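Visitor: Residue numbers (my numbering): 20 to 235. Supplied in structure tokens, the structure appears directly below.
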Amino acid sequence: MDKPIIGIVGPGHINKDNPFDSYSKVILNYAKRVRQAGGIPIGIGFEEINLDEMLICDGFVLEGGCAITDNYLKVIEYAFKRRKPVLGICLGMQAMGFYDSGKCLKKVDGHNMEMFDMKDIDNSKHDVYLNKNSKIYEALKRKKINVFSLHTYAIDEKVFKGNYFKVSGKSLDGVAEVLENKGPGWIVGVQFHPELNKEYLGLFEELIKEAKLEKD
Numbered sequence: 020m021d022k023p024i025i026g027i028v029g030p031g032h033i034n035k036d037n038p039f040d041s042y043s044k045v046i047l048n049y050a051k052r053v054r055q056a057g058g059i060p061i062g063i064g065f066e067e068i069n070l071d072e073m074l075i076c077d078g079f080v081l082e083g084g085c086a087i088t089d090n091y092l093k094v095i096e097y098a099f100k101r102r103k104p105v106l107g108i109c110l111g112m113q114a115m116g117f118y119d120s121g122k123c124l125k126k127v128d129g130h131n132m133e134m135f136d137m138k139d140i141d142n143s144k145h146d147v148y149l150n151k152n153s154k155i156y157e158a159l160k161r162k163k164i165n166v167f168s169l170h171t172y173a174i175d176e177k178v179f180k181g182n183y184f185k186v187s188g189k190s191l192d193g194v195a196e197v198l199e200n201k202g203p204g205w206i207v208g209v210q211f212h213p214e215l216n217k218e219y220l221g222l223f224e225e226l227i228k229e230a231k232l233e234k235d
């Protein structure tokens, strides 16, 4: 099979008293973009991720959400060891920061709507400036992008150590909006939401391209 398999890891909820209230969530827009980019999306990490699930995947997407789980950190560690590409989105990027430096997040103002309503999502858009010598620039071929960015927390660069990742894109107010791994391989985290706009399909296409390289 030529198409790479992309494991999508999403947030979950466990209710030990009610099995009907225990679930893992794969948001359809992530799967849609993976398909459009030429990959096969599958949901993994139902409750606790295991090696068998990761072994069948050629790359990974880490969804946005509310809390960093061990599943996110296990995928990042596996990706480094097996040189598998990863695209982390919103919480997925924050998990990369946590993997690198532990508790390195801070609250930020002006990057989330107080009362979220999809009809007002355009109000969340702002410019992000990309380092020209970066993996994300190679994917999008632009120095400046205008993106949907909805987050209450962000990387605190006063605490962030940069052991494995570096910042390669920021908003105008200096908030880190992109992390990428140092050196070879392709592990990229974005604080914004490229899955909401086909304009940024290039990020998913780059993920698929890297997955094919590692697959071969």
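C-beta: ideal position from N, C-alpha, C; glycine also. These numbers were taken from a predicted model, which means no experiment stands behind them.
Out of Gly181, Cys123 and Ala98, which has the shortest C-alpha to C-alpha gap to Trp205?
Guide: Taking the sequence shown and counting its residues from 1, one reaches residue 205 at position 186. Considering only alpha carbons, the answer is Ala98.
Visitor: Any heavy atom of the ligand ADP closer than 7 Å to the Cβ of Met115?
Guide: For the ligand ADP, the structure offers nothing, since it holds no ligand at all.
Visitor: Using C-beta distances below 8 Å, list every residue in its chain close to Ser120, excluding the 5 sequence neighbours before and after it, in chain order.
Guide: On the sequence shown, position 101 is the one that residue 120 refers to. Cβ neighbours of Ser120 beyond the five flanking positions: Val178, Phe179, Lys180, Gly181 and Asn182.
Visitor: For Lys254, which residues in the same chain have their Cβ closer than 8 Å to its Cβ, ignoring the five residues on either side in sequence?
Guide: Outside the shown range of the chain, which is 20 to 235, sits residue 254, and nothing can be said about it.
Visitor: Does the contact criterion of 3 or more C-beta pairs under 8 Å hold for the segment 52 to 59 versus the segment 36 to 44?
Guide: Touching, no.
Visitor: Pick helix, strand or coil for Asp146, following the three-state DSSP scheme.
Guide: Position 127 of the sequence shown holds residue 146. Here Asp146 sits in strand by DSSP.
Visitor: Using a threshold of 8 Å, state whether the C-beta atoms of Val209 and Val194 are closer than that.
Guide: Here residue 209 is taken as the residue at index 190 of the sequence shown, counted from 1. Here residue 194 is taken as the residue at index 175 of the sequence shown, counted from 1. Not a contact, by the Cβ cut-off of 8 Å.
Visitor: Is the separation between the beta-carbon of Phe65 and that of Val105 shorter than 8 Å?
Guide: Taking the sequence shown and counting its residues from 1, one reaches residue 65 at position 46. Taking the sequence shown and counting its residues from 1, one reaches residue 105 at position 86. In this structure, Val105 does not lie closer than 8 Å to Phe65 by Cβ.
Visitor: Taking the alpha carbon of Gly29 as the reference point, which residue from Ser168, Asp175, Val127 and Leu110 has its own alpha carbon closest?
Guide: Translated into positions along the sequence shown, residue 29 becomes position 10. If we check each option's Cα against that of Gly29, Leu110 comes out closest.
Visitor: Going by DSSP, what residue range makes up the beta strand (DSSP E) through Ala173?
Guide: If you number the sequence shown from 1, residue 173 lands on position 154. That run of the beta strand (DSSP E) goes Tyr172 to Ile174.
Visitor: Roughly how far, in whole angstroms, is the beta-carbon of Tyr172 from the beta-carbon of Val127, given that I think they are within contact range, below 8 Å?
Guide: Your numbering for residue 172 matches position 153 in the sequence shown. Your numbering for residue 127 matches position 108 in the sequence shown. Indeed, because the Cβ distance is near 7 Å, the residues count as touching under 8 Å.
Visitor: Taking the alpha-carbon of Asn48 as reference, which of Gly83, Lys231 and Asp89 has the nearest alpha-carbon?
Guide: In the sequence shown, residue 48 corresponds to position 29, counting from 1. Of the listed residues, the one whose Cα sits closest to Asn48 is Gly83.
Visitor: Please classify Glu225: does DSSP put it in a helix, a strand, or coil?
Guide: The residue given as residue 225 occupies position 206 in the sequence shown. The answer is helix: DSSP assigns Glu225 an H, G or I state.
Visitor: With 16 other CB atoms within 10 Å as the buried threshold, where does Asn34 fall?
Guide: Translated into positions along the sequence shown, residue 34 becomes position 15. Exposed: under 16 other Cβ atoms inside 10 Å.
Visitor: For Ser153 versus Ser190, is the C-beta spacing smaller than 8 Å?
Guide: Taking the first residue of the sequence shown as position 1, residue 153 is located at position 134. Taking the first residue of the sequence shown as position 1, residue 190 is located at position 171. Going by C-beta atoms, Ser153 is not nearer than 8 Å to Ser190.
Visitor: For Met115, which of Asp71, Ile174, Arg101 and Glu72 has the nearest alpha-carbon?
Guide: The count along the sequence shown starts at 1 and reaches residue 115 at position 96. The option with the nearest alpha carbon to Met115 is Ile174.
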